[in-house]
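Novice: Numbering (the working numbering), first residue to last: 3 to 172.
Virtual Cβ for every residue (Gly too), placed ideally from N, Cα, C.
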Amino acid sequence: MRRAAWLGALMVLTGAFALAQTCTVRGAYGGGAAGAPDSDQPNAFFSLGVAKFGCGDRAWQWGWFSLTTRQDNQLVSVVMFRLEELTVDTAAHTASFSGQAVLTVRTRTGFERVRGTVQVSVADNRSRDGSGDPDTLGVAFFDQDGNEVFSYSGEVKRGDIAVFEFSRGR
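1) Is the stretch 32-40 in contact with the stretch 100-117, if contact means three or more CB pairs nearer than 8 Å?
2) Between F83 and V52, how many whole angstroms is the CB-CB distance? I'm expecting something under 8 Å.
3) Excluding five sequence neighbours on each side, which residues of the same chain lie with their C-beta closer than 6 Å to the C-beta of S153?
4) Could you confirm whether any beta carbon from chain B is found closer than 8 Å to the beta carbon of G33?
5) Determine the closest residue to V27 out of A93, P39, S41, W62, with distance taken between C-alpha atoms.
6) Which residue wins for smallest C-alpha separation from A125, given the options V165, A46, N45, L77?
7) From the DSSP output, in three-state form, read off D145 for me.
8) Select from L139, S169, R72, G148 the residue whose C-alpha is nearest the C-alpha of K159.
9) CA-CA distance, S169 and G56?
10) When you compare only the Cα positions, how much space is there between R130 and T71?
11) Is DSSP giving D59 helix, strand or coil here?
12) CB-CB under 7 Å to S49, same chain, minus the five flanking residues each way: which ones, in chain order?
13) Quick one: is E157 buried, meaning 16 or more other Cβ sit within 10 Å of its Cβ, or exposed?
14) Have a look at D91 and T111 and give me their C-alpha separation to the nearest angstrom.
15) Helix or strand or just coil, what does DSSP make of G32?
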């Protein structure tokens with residue numbers, strides 16, 4: 003009987019510790035049209051959603067990113083299909099992430115597809131009410147040999163980027 007009471011007390015304490023853990027989600031999301039800082043017209047369309055979840059001793063992350071732009075006589079598209087690294091600084095409202103991606107370059111004569119890694123940095127400068135500097139976006143694509151084959155930087159002309167962090171104790 004005494005052994006059962008100790009086992010019951012141990013189960014209650016273990017359950018209390020499991021319920022006392024804090025879960026945190028941090029990341030960035032957004033979409034819209036971006037362009038050069040000195041232009042009113044956008045020249046790229048993007049969408050992103052990346053997040054890192056942590057709850058107790060478990061952590062996992064997921065995300066996607068896509069960018070399509072026209073450069074010279076080419077239509078360039080970058081699609082990230084696997085998030086590998088995510089860093090979020092909520093105090094500075096910035097996030098940077100990288101992952102495996104495919105770069106597709108379409109021309110009038112055909113297309114070329116390159117597998118590699120994309121590195122993206124975003125800054126959430128503008129508040130929801132539209133005040134502040136424009137949000138910014140920077141993209142660099144590296145082929146499998148580590149050579150940079152594409153880069154893009156611009157500010158959001160239409161749309162929004164949001165950098166966030168939520169914590170909740172259970």
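Specialist: Per the coordinate set shown:
1) no
2) The pair is not a contact, with the Cβ atoms about 13 Å apart (cut-off 8 Å).
3) A142
4) Protein chains in the displayed structure number just one, and chain B is not present.
5) W62
6) V165
7) strand
8) L139
9) 9 Å
10) 25 Å
11) coil
12) G33, S68
13) buried
14) 43 Å
15) strand
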